[in-house]
Each structure stands twice: as C-alpha cells, then as structure tokens.
Amino acid sequence: MKELDKLFEDSFNELQADIVSICLEYVYERANKIYIYCSYEEGLISNDFFYNINDRIVERHKLNDTLIKEDGNFSYDVSVERQKAIVKIINENIKKMIKLCNKYKHEMPTEIKIVYDVQANKLTAEYTYEPVYTNDSHNTARSIARNWYEQIKSENK
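Right under this line is the structure:
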C-alpha cells in the first residue's frame, strides 16, 4: 500500500509542478513568487494565478505595470489568448488530478493554493477538502481567488 501512496504523491506533485512551470513560463521566469489558485467543487473546475514581481503583487494581466527602467524595451505578452491558454492548461492538469485521485481512491481537494518561491525553488501547497463556495450564496471560485489575491497583496505592503 505504501508504494501506491508514493506513486500517487509523486504523480500529484508532478501535476502541481507542471502547473507552476506553465505559470513560470507565462511570466518569462521573471517573478519572485507565483501564487496559483485551483478549485474543484460540485464538478466545477476553476483556477487563477498572480505574481510577486519586483516586490509587487500583481495580477496576470497587469504584469507590464511592474516593469522598471532597467527592463528596457521588454514587455510581457498578457494577451487574452495567452491567458486563456494558460488557464486551459491548468484546468487540464486539475482534471488529471481528479482522475488520479479517483484511480488511487484519494479525496480530491476542493481548493489548492500553491505558492512557488522562484528564487528558493520551493513549492508549498495548502489543501482544503470541505466546500469553500458552493454552500455560500455570496461567493464563487472567482471571488475566493480574488480574496486570496487581496489578502496576499495586503500582507506584502
């Protein structure tokens, strides 16, 4: 049984690493930290991601707001098409996590908050298994992700 648990953990961690990798690629590896929100509740899959760049917490579509004079002519491609592509890849990885959990008879988290420290090459993840928003008439996956962004932003002032 321990070997199956190891196989599950390795595969689950690999999917998380792939999610981090695509978010790192999106920012051209120019972030201090990456924050990734993954949600799966009542069959609904959702995700969001944002960054710490130059000690500023910034949403994925506002990366160019972090540029400094030393960046010269560099700019991030924050096109809607590129953002949609990243969201789609993350959602595909969440679907793979669901299948993996089913295969190994593990409970799929309803919420995963990943923080990747680029400089330290350190990934931490926080998992929730209870419903986060489906039992709450005021919140959605998007509003929960937005609240996390605001929380991280206020902690980093």
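Using the numbering used here, read the sequence shown as starting at 134 and increasing by one per residue.
Beta carbons: idealized from backbone N, C-alpha and C, even for Gly.
With C-beta atoms as the reference, is Tyr168 less than 7 Å away from Val248?
-> As a working mapping, residue 168 is identified with position 35 in the sequence shown. As a working mapping, residue 248 is identified with position 115 in the sequence shown. It is a contact, given that the beta carbons lie within the stated cut-off.
Coil, strand or helix - Thr261 by DSSP | As a working note, residue 261 is residue 128 in the sequence shown. Strand at Thr261.
For the beta strand (DSSP E) that Val191 lies in, which residues bound it at each end?
-> As a working note, residue 191 is residue 58 in the sequence shown. Segment Arg189 to Glu192, the beta strand (DSSP E) holding Val191.
Tell me Ser179's beta-bridge partners as DSSP assigns them.
-> On the sequence shown, residue 179 is found 46 positions in, with the first residue counted as 1. According to DSSP, Ser179 bridges with Ser172.
Test item: CB-CB of Thr243 and Val265 under 7 Å | Here residue 243 refers to the residue found at position 110 of the sequence shown. Here residue 265 refers to the residue found at position 132 of the sequence shown. Cβ distance < 7 Å, so Thr243 and Val265 count as in contact.
Under the three-state DSSP convention, the category Asp250 falls into | Within the sequence shown, numbered from 1, the residue matching residue 250 stands at position 117. Strand.
Uninterrupted alpha helix (DSSP H) stretches inside the stretch 188–236 (no shorter than 4 residues) | 213–236
Name the DSSP bridge partner or partners of Ile186?
-> Taking the sequence shown and counting its residues from 1, one reaches residue 186 at position 53. Answer by DSSP bridge pairing, in chain order: Arg189.
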